[in-house]
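Chemist: Per the numbering used here, the sequence shown runs over residues 70 to 630. Yeah, the Cβ is synthetic: ideal placement off N, Cα and C, and Gly gets one too. These figures come from a predicted structure and were not determined experimentally. Can you read through this structure? Questions will come right after.
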Amino acid sequence: MDIQTWTFIIVGITFAVYIGIAIWSTASSTSDFYVAGGGVSPFANGMATAADWMSAASFISMAGLISFMGYDGAVYLMGWTGGYVLLALLLAPYLRKFGKFTVPDFIGDRYYSNVARTVAVICAIIVSFTYVAGQMRGVGVVFARFLEVEIETGVYIGMIIVLFYAALGGMKGITYTQVAQYCILIFAFMVPAFFISFQLTGNVIPQLGFGGTVADGTYLLDKLDGLHKELGFAAYTEGSKSMIDVFCITLALMVGTAGLPHVIVRFFTVAKVKDARISAGWALLLIAILYTTAPAISVFARTNLIQTVSNQEYDSVPEWFTNWEKTGLIAFEDKNADGKIQYVGDAEQNELTIDQDIMVLANPEIANLPNWVIALVAAGGLAAALSTAAGLLLVISASISHDLIKKQIKPDISEKGELVWARIGSVIAVVIAGYFGINPPGFVAAVVALAFGLAAASFFPAIILGIFDKRMNKEGAIAGMVIGMLLMLFYMMKFKLGFFGGGDESGWWFGISPEGFGSVAMLVNFLVSFSLSRLFPPPPEDVQEIVENIRFPRGAGEATH
Numbered sequence: 070m071d072i073q074t075w076t077f078i079i080v081g082i083t084f085a086v087y088i089g090i091a092i093w094s095t096a097s098s099t100s101d102f103y104v105a106g107g108g109v110s111p112f113a114n115g116m117a118t119a120a121d122w123m124s125a126a127s128f129i130s131m132a133g134l135i136s137f138m139g140y141d142g143a144v145y146l147m148g149w150t151g152g153y154v155l156l157a158l159l160l161a162p163y164l165r166k167f168g169k170f171t172v173p174d175f176i177g178d179r180y181y182s183n184v185a186r187t188v189a190v191i192c193a194i195i196v197s198f199t200y201v202a203g204q205m206r207g208v209g210v211v212f213a214r215f216l217e218v219e220i221e222t223g224v225y226i227g228m229i230i231v232l233f234y235a236a237l238g239g240m241k242g243i244t245y246t247q248v249a250q251y252c253i254l255i256f257a258f259m260v261p262a263f264f265i266s267f268q269l270t271g272n273v274i275p276q277l278g279f280g281g282t283v284a285d286g287t288y289l290l291d292k293l294d295g296l297h298k299e300l301g302f303a304a305y306t307e308g309s310k311s312m313i314d315v316f317c318i319t320l321a322l323m324v325g326t327a328g329l330p331h332v333i334v335r336f337f338t339v340a341k342v343k344d345a346r347i348s349a350g351w352a353l354l355l356i357a358i359l360y361t362t363a364p365a366i367s368v369f370a371r372t373n374l375i376q377t378v379s380n381q382e383y384d385s386v387p388e389w390f391t392n393w394e395k396t397g398l399i400a401f402e403d404k405n406a407d408g409k410i411q412y413v414g415d416a417e418q419n420e421l422t423i424d425q426d427i428m429v430l431a432n433p434e435i436a437n438l439p440n441w442v443i444a445l446v447a448a449g450g451l452a453a454a455l456s457t458a459a460g461l462l463l464v465i466s467a468s469i470s471h472d473l474i475k476k477q478i479k480p481d482i483s484e485k486g487e488l489v490w491a492r493i494g495s496v497i498a499v500v501i502a503g504y505f506g507i508n509p510p511g512f513v514a515a516v517v518a519l520a521f522g523l524a525a526a527s528f529f530p531a532i533i534l535g536i537f538d539k540r541m542n543k544e545g546a547i548a549g550m551v552i553g554m555l556l557m558l559f560y561m562m563k564f565k566l567g568f569f570g571g572g573d574e575s576g577w578w579f580g581i582s583p584e585g586f587g588s589v590a591m592l593v594n595f596l597v598s599f600s601l602s603r604l605f606p607p608p609p610e611d612v613q614e615i616v617e618n619i620r621f622p623r624g625a626g627e628a629t630h
């Protein structure tokens, strides 16, 4: 069977499973819709968190980034992994003890202010839309290649699927769908990794193959360095980023992770604080399987790509090349009219343009793996993108229905009415997410990195100070969030989107890229929050008591929903 037929079969089966779970777990209450009734087991929540966390950026884009950036790409690996550890240790247990549905709910109650709640809602929506744009783009890329449709059409199909189970099942439907999606995405990521590792190095375990030798006894990384130098690229194992930028990107990704509303809300779905800790541990273990494999896949894909296309006759390129060319994600321009593909480091002479997002998806095709494996990777990419998109859409719909409508505009709304608003919020969110998926500001991982910067700049200081600083008041938190978010948005728009006169790398402040600037905006947020909080009266006694209580997550009298 050809790839398209296999794709229809495997993707069709997985979608049927997702929709079946959504129908089985239709949310009947707001508690079901927001936090799955608070009764998810730690292992199931760990799997769902891992799927929520490992987005299209992790599955599709991260290995592609490392594949092209080499050593410099490792900042994404370090930042995202380290961030999860930070979240599990510093935030998850305390927020679960507080026992609220959403991050804006925590901020609104902790800072005893509807203004703080509204600012948090706006921040949550901006972060979530920036992040979800990357997911919808990932869905479009997968469908464009494997169903041979336009990227736009692929995004529309993804919108319909994700809306169905996010709006119908809410967090209950999303949780059990994400358990299924974790199984699919990890299987889809690992199977080709085993095959290709064995092909290149004779070692079936990719993590060992990564440090192994090829047929002639050369270390794989030395071979790739040699290929890079021959073609005029920088050595794969050497970095070109400044140390301050590497530090800032890693820090922004770490603290941005800890401030991501769609990941934090997962810890409200378990019954006890202890379960929040256990599910964080499971999630970390399950995430590590993919994250320790990604660098190996990057090296395998890069080596195979160079050996397959560099200096080859264009008329005799393999089928995978022409298939991806149709999507517009690979482009060849014969500058010297010799009929051969010059894939070199010199931009003037280079004749091949490759979208970084295709590396993981094209990897099994480049390595001549069976068609069912190629289709499986497509299903895995969709599972990764859709699972995260669903979690983000829930954050947006909960922010609208719970934090705006229920808590501020119409406090006497019935539970049924709130549920209706939650579903309306899902529809609005999907439409806007689809638009950004069709018109994304960059490739998937770059868009997602900016979302982490926005989360770092806005939420992280407010949450950390809200837990660990009893003296922190509403004036400090509101000013910090607003200034941090505006500063990050300004920098992102100027250097990423070309607004405010634009600017290139030479104009970066302190030599820090937009992906790393979230660290600076976060520090400004901390300074503003801390300084202003000392100029205004302390929080009311009852709020200070709540802070005392949540600091001891094992303590008696856990807060409940």
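Determine the DSSP secondary structure at ILE581, reduced to helix, strand or coil.
Modeler: For this step, residue 581 is matched to residue 512 along the sequence shown. Coil at ILE581, not helix or strand.
Chemist: By Cβ distance, which residues of its chain are closer than 6 Å to TRP75, with the 5 residues on each side in sequence left out?
Modeler: Position 6 of the sequence shown holds residue 75. So the qualifying residues of the chain are ASN440, TRP441, ALA444.
Chemist: Got a sec? Which residues, its chain only, sit under 7 Å from VAL190 by beta carbon, not counting five neighbours each side?
Modeler: Here the question's residue 190 lines up with position 121 in the sequence shown. The beta carbon of VAL190 sits closer than 7 Å to the beta carbons of PRO173, SER468, ASP472, LEU473 from its chain, once the five residues preceding and following it are set aside; these are given in chain order.
Chemist: Do the segment 472-490 and the segment 299-309 make contact, defined as three or more Cβ pairs closer than 8 Å?
Modeler: Short answer: they don't touch.
Chemist: Take every Cβ of the segment 342-359, pair it with every Cβ of the segment 110-122, and state whether three or more of those distances are shorter than 8 Å.
Modeler: yes
Chemist: Buried or exposed: which applies to ARG540, given that a residue is buried once 16 or more other Cβ atoms fall within 10 Å of its Cβ?
Modeler: Residue 540 sits at position 471 when you count from the first residue of the sequence shown. With fewer than 16 other Cβ atoms within 10 Å, it is exposed.
Chemist: Would you please state the rounded distance, in angstroms, between the beta carbons of PHE258 and PHE84? I believe it to be under 8 Å.
Modeler: By 1-based counting over the sequence shown, the position of residue 258 is 189. By 1-based counting over the sequence shown, the position of residue 84 is 15. PHE258 to PHE84, Cβ: 19 Å. No contact.
Chemist: Specify, as a first and last residue, the run of the alpha helix (DSSP H) that PHE137 falls within.
Modeler: Here residue 137 refers to the residue found at position 68 of the sequence shown. Start and end: 131-138.
Chemist: Between the Cα of VAL109 and the Cα atoms of ALA340, LYS543, ILE333, VAL429, which residue gives the shortest distance?
Modeler: Counting from 1 along the sequence shown, the entry for residue 109 is found at position 40. Residue ALA340 is the option with its Cα nearest to VAL109.
Chemist: Is ALA416 buried or exposed, if buried means 16 or more other CB atoms sit within 10 Å of its CB?
Modeler: For the purposes of this step, residue 416 is taken as the residue at position 347 of the sequence shown. With fewer than 16 Cβ atoms within 10 Å of its Cβ, ALA416 is classed as exposed.
Chemist: Go through its chain and collect everything with a Cβ distance to LEU374's Cβ below 7 Å, but skip five positions before and after it.
Modeler: Indexing the sequence shown from 1 puts residue 374 at position 305. Hits under 7 Å: ILE435.
Chemist: Mind reading off the beta-carbon distance from ILE619 to ILE532? Whole number of angstroms is fine, and I expect it under 8 Å.
Modeler: Counting from 1 along the sequence shown, the entry for residue 619 is found at position 550. Counting from 1 along the sequence shown, the entry for residue 532 is found at position 463. In fact, because the Cβ distance is near 11 Å, the residues do not count as touching under 8 Å.
Chemist: Spatial neighbours of ARG179 within its chain, please: CB distance less than 6 Å, with the 5 preceding and 5 following residues excluded, ordered by chain position.
Modeler: If you number the sequence shown from 1, residue 179 lands on position 110. The residues are GLY535.
Chemist: Measuring straight from C-alpha to C-alpha, what distance separates VAL86 and SER456?
Modeler: Indexing the sequence shown from 1 puts residue 86 at position 17. Indexing the sequence shown from 1 puts residue 456 at position 387. About 13 Å.
Chemist: Using alpha carbons as the reference points, say which of ASN419, ALA357, GLY414, ASN437 lies closest to TRP389.
Modeler: Position 320 of the sequence shown holds residue 389. Nearest C-alpha to TRP389: ASN437.
Chemist: According to DSSP, is GLU627 helix, strand or coil?
Modeler: Locating residue 627 in the sequence shown gives position 558, where the first residue counts as 1. Because GLU627 sits at a pLDDT of 46, beneath the cut-off of 50, its placement in the model cannot be relied upon, and the following sentence gives the value as read from the coordinates. Coil at GLU627, not helix or strand.
Chemist: What's the gap between the Cα of LEU523 and the Cα of GLY408?
Modeler: Walking along the sequence shown from the start, residue 523 turns up at place 454. Walking along the sequence shown from the start, residue 408 turns up at place 339. Distance between the alpha carbons of LEU523 and GLY408: 46 Å.
Chemist: Judging by CA-CA distance, which residue of ILE255, GLN276, VAL283 is the nearest neighbour of GLN268?
Modeler: On the sequence shown, position 199 is the one that residue 268 refers to. Among ILE255, GLN276, VAL283, the Cα nearest to that of GLN268 is on VAL283.
Chemist: Can you list, in chain order, the residues of its chain whose CB lies under 7 Å from that of GLU402, leaving out five sequence neighbours each side?
Modeler: Taking the first residue of the sequence shown as 1, we reach residue 402 at position 333. GLU420, listed in sequence order.
Chemist: In this structure, what does DSSP give as the bridge partners for THR422?
Modeler: Within the sequence shown, the letter at position 353 stands for residue 422. In DSSP, THR422 forms a bridge with ALA400.
Chemist: Please determine if the segment 144-164 and the segment 326-337 are in contact, where contact requires at least 3 C-beta pairs separated by less than 8 Å.
Modeler: yes
Chemist: Tell me which residues share the same chain as ILE72 and place their Cβ nearer than 7 Å to its Cβ, disregarding the 5 neighbours each side in the sequence.
Modeler: What you label residue 72 is simply residue 3 of the sequence shown in a count that begins at 1. PHE215, ASN440, ILE443, ALA444.
Chemist: Specify the secondary structure class of VAL339 as computed by DSSP and reduced to three states.
Modeler: Sequence index remark: in the sequence shown, residue 339 carries index 270 (1-based). The answer is strand: DSSP assigns VAL339 an E or B state.
Chemist: Determine the extent of the alpha helix (DSSP H) in which TYR200 is found, giving its start and end residues.
Modeler: Against the sequence shown, residue 200 aligns to sequence position 131. Start and end: 183-215.
Chemist: For VAL386, does the three-state DSSP call read helix, strand or coil?
Modeler: As a working mapping, residue 386 is identified with position 317 in the sequence shown. If DSSP states are grouped into helix, strand and coil, VAL386 belongs with coil.
Chemist: Determine the closest residue to ILE274 out of ILE366, ASP344, HIS331, with distance taken between C-alpha atoms.
Modeler: The residue you call residue 274 lines up with position 205 of the sequence shown. Taking only the C-alpha atoms, the option nearest ILE274 is ILE366.
Chemist: By how many angstroms is the C-alpha of LEU566 removed from the C-alpha of LYS649?
Modeler: Only positions 70 to 630 of the chain appear in this structure, which leaves residue 649 out of reach.
Chemist: Within the same chain, show all residues whose beta-carbon is closer than 6 Å to that of SER379, passing over the 5 residues directly before and after it, in chain order.
Modeler: Within the sequence shown, the letter at position 310 stands for residue 379. Excluding residues within five positions, the ones whose Cβ falls inside 6 Å are TYR412.
Chemist: Cα-Cα, which of ASN272, VAL218, PRO330, ALA132 is closest to PHE528?
Modeler: Along the sequence shown, one-based indexing puts residue 528 at 459. When each option's Cα is compared against that of PHE528, the closest is PRO330.
Chemist: Which residue from ALA125, VAL144, TYR181, LEU488 puts its Cα closest to that of GLY545?
Modeler: Looking up residue 545 in the sequence shown gives position 476. Nearest in C-alpha terms to GLY545, of all of ALA125, VAL144, TYR181, LEU488, is TYR181.
Chemist: Using C-beta distances below 6 Å, list every residue in its chain close to ALA520, excluding the 5 sequence neighbours before and after it, in chain order.
Modeler: Residue 520 sits at position 451 when you count from the first residue of the sequence shown. Around ALA520: VAL196, THR199, TYR200.
Chemist: Could you check whether the segment 284-295 touches the segment 483-499, counting it as contact only if at least three pairs of C-beta atoms, one from each stretch, sit closer than 8 Å?
Modeler: no
Chemist: Looking at the secondary structure, which residues open and close the alpha helix (DSSP H) in which ILE79 lies?
Modeler: The residue you call residue 79 lines up with position 10 of the sequence shown. Here the alpha helix (DSSP H) through ILE79 covers 72-93.
Chemist: How would you write the range of the alpha helix (DSSP H) that HIS297 sits in, first residue to last?
Modeler: Along the sequence shown, read from residue 1 onward, the residue named residue 297 stands at position 228. Its alpha helix (DSSP H) spans residues 289-299.
Chemist: From this set, ASP314, LEU359, GLN381, which residue's C-alpha is nearest THR150's C-alpha?
Modeler: Here residue 150 corresponds to residue number 81 of the sequence shown, with the count starting at 1. With distances taken between Cα atoms, THR150 lies closest to LEU359.
Chemist: Buried or exposed for ASN432, going by 16 or more other Cβ atoms inside 10 Å?
Modeler: Counting from one through the sequence shown, the residue named residue 432 turns up at place 363. ASN432 should be labelled buried.
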